[in-house]
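The next block holds one structure in the form of structure tokens; read it before the comments.
Protein chains: 2
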Amino acid sequence: MATTFNSVDPRTGETGPSYEEASGDDVRAAVAAAAEVHRSAALADRDRRAALLRGAAARLRAAGDEIVTTAQAETGLPEARLRGELERTAGQLEAFAAVVDAGDYVEAIIDTPDPDAKPIPRPDVRRMLVPIGPVAVFGASNFPLAFSTAGGDTASALAAGVPVIVKGHPSHPGTSELVARELAAAVADAGLPAGTFGHLLAASLEVAEALVDAPAVKAVGFTGSYAAGRAIADRTAARPEPIPVYAEMGSVNPIVVTEAALGERGGAIAEGLAASVANFGGQLCTKPGVVFVPYGEAGDGFADDVAKRLEGTEPTVLLNERLRDALREAVARLEQRTERLGGGAEAGGPGYRHQPSAYEADAGDLGTTPELLEEHFGPVVLFVRYGSRDDLLAALDRVEGQLTGTLHAQGGEDVAAIVDALRSRAGRVIFDGFPTGVAVTHGMHHGGPFPATSAPAHTSVGMTAIARWLRPVAYQDAPEALLPPELQAANPLGIWRRVDGELTRDPLPRAG
Amino acid sequence: MATTFNSVDPRTGETGPSYEEASGDDVRAAVAAAAEVHRSAALADRDRRAALLRGAAARLRAAGDEIVTTAQAETGLPEARLRGELERTAGQLEAFAAVVDAGDYVEAIIDTPDPDAKPIPRPDVRRMLVPIGPVAVFGASNFPLAFSTAGGDTASALAAGVPVIVKGHPSHPGTSELVARELAAAVADAGLPAGTFGHLLAASLEVAEALVDAPAVKAVGFTGSYAAGRAIADRTAARPEPIPVYAEMGSVNPIVVTEAALGERGGAIAEGLAASVANFGGQLCTKPGVVFVPYGEAGDGFADDVAKRLEGTEPTVLLNERLRDALREAVARLEQRTERLGGGAEAGGPGYRHQPSAYEADAGDLGTTPELLEEHFGPVVLFVRYGSRDDLLAALDRVEGQLTGTLHAQGGEDVAAIVDALRSRAGRVIFDGFPTGVAVTHGMHHGGPFPATSAPAHTSVGMTAIARWLRPVAYQDAPEALLPPELQAANPLGIWRRVDGELTRDPLPRAG
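Top to bottom, those sequences are chains A and B.
Using this note's numbering, you'd call the opening residue of the first sequence number 22 and step up by one each time.
Using this note's numbering, you'd call the opening residue of the second sequence number 22 and step up by one each time.
Given below as structure tokens:
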């Protein structure tokens, strides 16, 4: 008997359609199919990979109405946000197709031979990155499209040429199934084997555990909570063959505002901050959760302004009951430890809602109550009030690894020490802006030191995300005919290569 | 009371000088000093880092006689090898100084802003790699210079700008102390704080454990046995803050020889193989431990030739008593499971020696006796005899992750499937050569899938080794004055940068 679970509309709490839970056999079949695709080298065909990525983007756009309607009913996120997220998702797939076309993500390095080198002769060495093997991707609850079934992990992995097995998030199973349908069709359209992309739906832990335990799975991509990310990382570290886990586990995304910035543009900062905290229920990995605000009149006014704006915001729908309950519990602890400036601790209405709210504590409290720096996943912000610059820096020093750190200051202020404090603990440092709304660009870094992620050298957004699914191989004194095109003397793909230390797109000089 | 331990001359078994075991206080002091250096950003000065690396190379060369004499007495390795290794070590330090000078190892990526981008405006994003924090490096027993105190891990880490704490290998404490003396002097010469480089000597586990447990240590470099490497990886994975471990844990480095290659140049291959197996006691991570040889007359003749050459080799001195005992035990198991073709199971004489030797098994035995694929760290080789190409491929399929895989074949043979089998499980594929003697070049890859290493995407030899000690940071909409030179519009360092997707050394175009 197959087990089933139901989607739930968080706007009303009403039960939606039922979905069949993947079985152990489903997991084994998906992994075996992915392993066979990897072994067959079917994904070595760059043109087909690019076609798959572009085809998936086109299909997602074409199915946009159906996907967005389903996602609205499963996540409670507004239509405009979901349409934007769908476009972002399609854009990511296309951006990675362009990376495949450009081809230099393989980081080709060629060292020509030198028989006279000391202490030993130097052989011909040609190195490039190759696919690591099948990977497992866990969809996130808060981005049903951009960080889920066909999100950045999947797009970057398919671009890298590794088969992907997605575990769709049980909070939006219908959305995941629709997206998987389109992705599977794009795989077929591109003439690639079905095992290129596997999709498993499950609400229970067993499927996730079986997937990360599967010997053929060689890496894991995850976006979600610290508890779940750490559990996966611990489990894979204990495998007979440990594998890399790229877990993005959230953050409190500290913001520092200076007195001078408040004096110049306190109102604008308050407006931007309130939106960044409350939009989409504040359920973003980069939601600013802790804001360092100076003591004094300007700081008081700013904190009150933000609190009033949050209080004036409609209660926001949260993604599901579990997250709503977890937020309530976390907020109950905040209520005991800090002062509420505005907003409410809960919210009525149908479904799962929360009233955006602001709390306040003293910078010194971070030393005695480190729990204040826990992530509150929802429309909640904590103001940490500081007196002197030293108080601020001492408080920042208590902040663990973060996805982002933000500074609002005025030109001419000496902020080097603050920037340094943010940079030393965050993956991205933002100036006079807000961390939410992560742009998908070549250089975007969506990562950071632990506990923001399990792998500080890697990112889940931006084009360098492809590196997570690759490993280097060096060919030593290989006959030209056995070399992949990326490493052949003529450079038939015209990619950038590092030859004897210098970047060039030229063919190799003829030996001799 | 300080504990002490003694060096031992493995050529004679005689006890040498005594060395003081590092204490818990020593570990704490070294880590605190390194953390302070990291915090101070003293190592951000590229010119000083390059000066340190070049100064260390010059000092090691100048102290070469003393270092080599001491290393001979502690490792039993021949003078010529140690002089070559010293030159390699100095060359590595200088090569990383050149990487620092060139500056583009920071992988600068700049995305210019686009207010009209969809679905959200694109900010100014500038990303580069920055130092990860203090790192711990474990010296290896078998390369007292090139993989030890001032070896590749230390050189690449100092180049990256991270402070290094080395745990010198207790099998060559005097060598380690001399090298540390020169490195510390080079640190002072370059005007850098003493905490840039810490050195701890210890024969016990406690110091190693305290070092990898220290919260301020942010990554570990290790070269040694699987058991020790896995223990470190498991320990760091269980830290409150897990950190990356770059453990290179050895390999059996399979070699495949075809019938055609034996027909053309069997004698030359036998000569090269015997040297690659027996040189320096076969105590190299890349020593070929398993050689796939076809059944038939040519294969028989080849195996006998190699066996006779090994039998005719003087017993080789092993690095220490522990490795000698471990090899004896492993060889005793081989004696039970396979047929000895030549050489001896043990060796007499003073100190710790072993007679180079060859064993033989059938390709099908790898299925029933997977232990045959264990590493035998010493001058021992196992011939695995195969009949058909299918037998060969099936046997290769049983081989786990490797540092290297080698093929000896003739032009015109269809070897694509063999190359693919080697490439899919090894970090380096060598054609018509031998895996020992790893050239230090830009593209060299000394790494490979687990269990060869704990981090298949990284290398411990070659210029990309620097990437292990770095993490990305993205600056979003940063004022020019707060950007590091690598990301400033004018590109004052003249480094290669990826600007809007294209590699260039040009300054940014002026915003219009």
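We put the CB at the ideal spot given by N, CA and C, even for glycine.
What you are looking at is a predicted structure, and each value in this text was computed from that prediction instead of being measured.
- F26 of chain A versus G195 of chain A: straight-line alpha-carbon distance, rounded: It is roughly 11 Å from the alpha-carbon of F26 of chain A to the alpha-carbon of G195 of chain A.
- Task: Verify whether the separation of the beta carbon atoms of I186 of chain B and A157 of chain B is less than 9 Å.
- Result: The answer is yes: Cβ separation under 9 Å.
- Using a cut-off of 8 Å between C-beta atoms, extract the partners of R143 of chain A located in chain B. Listed along chain B are A460 and T462, each with a C-beta nearer than 8 Å to that of R143 of chain A.
- Task: Take G219 of chain A as the anchor and find which of A:V200, A:D234, A:T337 and A:E227 has the nearest alpha-carbon.
- Result: A:V200
- Message: Closer than 8 Å between beta carbons: that is the criterion. Which residues of the stretch 491-524 of chain A meet it against chain B?
- Response: L491, R492, P493, V494, A495, Y496, Q497, D498, A499, P500, L503, W517, R519, D521, G522 and L524
- Contacts around D135 of chain A, its chain only, beta-carbon distance under 8 Å, and the 5 residues preceding and following it disregarded: The answer, listed in chain order, is P142 and R143.
- Query: Does DSSP put P184 of chain B in a helix, a strand or coil?
  - Reply: coil
- Task: Would you give the residue range spanned by the alpha helix (DSSP H) that Y247 of chain B belongs to?
- Result: Y247 to A258
- Query: K188 of chain B touches chain A at which residues, Cβ-Cβ below 8 Å?
  - Reply: The contacting residues do not exist; K188 of chain B stays about 22 Å from chain A at best.
- Three-state secondary structure (DSSP) at Y407 of chain B? Strand at Y407 of chain B.
- Message: Counting only beta-carbon separations shorter than 9 Å, does G533 of chain A have a partner in chain B?
- Response: For G533 of chain A, the predicted structure reports a pLDDT of 46, less than 50, and the residue's modelled location is therefore unreliable. The matter cannot be settled from this model.
- Message: Since A77 of chain B and L107 of chain B should fall inside the 8 Å C-beta cutoff, what is the C-beta to C-beta distance between them, to a whole number of angstroms?
- Response: 12 Å between Cβ atoms; not a contact.
- Query: Around the Cβ of D145 of chain A, are there at least 16 other Cβ atoms within 10 angstroms (buried) or fewer (exposed)?
  - Reply: buried
- Query: Short check: CB of A478 of chain A to CB of A488 of chain B, under 9 Å?
  - Reply: Taking the C-beta atoms as reference points, A488 of chain B is found nearer than 9 Å to A478 of chain A.
- Item | D326 of chain A beta carbon less than 9 Å from that of G288 of chain A | yes
- Task: Kindly indicate which three-state DSSP category Q113 of chain A falls into: helix, strand or coil?
- Result: In this structure, Q113 of chain A counts as helix in the three-state DSSP scheme.
- Task: Find the nearest neighbour of E342 of chain B within the set B:A430, B:A259 and B:E95, judged by alpha-carbon distance.
- Result: For E342 of chain B, the closest C-alpha among the options B:A430, B:A259 and B:E95 is that of B:E95.
- At least one CB of chain B closer than 9 Å to the CB of D527 of chain A: is that the case? no
- Task: Spell out a yes or no on whether the stretch 345-354 of chain A and the stretch 388-405 of chain A are touching, meaning 3 or more CB-CB pairs, one atom from each, closer than 8 Å.
- Result: yes
- Message: Would S246 of chain B pass as an interface residue toward chain A - the criterion being a Cβ-Cβ separation below 9 Å?
- Response: no
- Indicate the three-state DSSP secondary structure (helix, strand or coil) for D352 of chain A in the structure shown. Just to set this straight, residue 352 of chain A is Val in the shown sequence, not Asp. In this structure, V352 of chain A counts as helix in the three-state DSSP scheme.
- Query: Mind checking whether F471 of chain A and E421 of chain A have CB atoms under 9 Å apart?
  - Reply: yes
- Message: Below 7 Å on C-beta distance, what does H466 of chain B contact in chain A?
- Response: Those within 7 Å of H466 of chain B in chain A are R148, P493, V494 and A495.
- Query: So with Cβ pairs under 9 Å, would you call S445 of chain B a contact of chain A?
  - Reply: It does: the Cβ of S445 of chain B has a partner Cβ on chain A nearer than 9 Å.
- Message: Taking the beta carbon of E318 of chain A as the centre, do at least 16 other beta carbons fall within 10 Å, making it buried, or is it exposed?
- Response: exposed
- Message: By DSSP's criteria, Q509 of chain A is part of a beta bridge. Which residues make up the other side?
- Response: Looking at the DSSP assignment, Q509 of chain A forms no beta bridge with any residue, so it has no partner.
- Does the beta-carbon of R297 of chain A have 16 or more other beta-carbons within 10 angstroms, so that it is buried, or is it exposed? For clarity, residue 297 of chain A is Ser in the given sequence; the question names Arg instead. It counts as buried.
- Output the residue ranges of the beta strand (DSSP E) runs that lie fully inside the stretch 25-98 of chain B and measure 3 residues or longer, sorted by chain position. 25-30 and 35-41
- Any chance you could list the alpha helix (DSSP H) runs of at least 4 consecutive residues sitting entirely within the stretch 122-201 of chain A, in chain order? The qualifying runs are 173-181.
- Tell me, please, whether the CB atom of T307 of chain A is closer than 9 Å to any CB atom in chain B? For T307 of chain A, the answer is no, since every Cβ of chain B falls outside 9 Å of its Cβ.
- Message: Given this structure, state the Cα-to-Cα distance separating A43 of chain B from A328 of chain A, to the nearest angstrom.
- Response: 55 Å
- Which of the three DSSP states, helix, strand or coil, is assigned to G388 of chain A? helix
- Message: If you measure between the beta carbons of L339 of chain A and R374 of chain A, is that distance less than 9 Å?
- Response: yes
- Go through its chain and collect everything with a Cβ distance to H467 of chain B's Cβ below 6 Å, but skip five positions before and after it. V459, T480, S481 and V482
- Return helix, strand or coil for V298 of chain A, following the three-state DSSP convention. helix
- Message: Output needed for G533 of chain B: all residues of its chain with C-beta closer than 7 Å, excluding positions within five of it in sequence on either side, in chain order.
- Response: At G533 of chain B, the pLDDT of 47 sits below 50, so the modelled position is not reliable; the number obtained from the coordinates is stated separately. Taken in chain order, the list of residues that qualify is empty.
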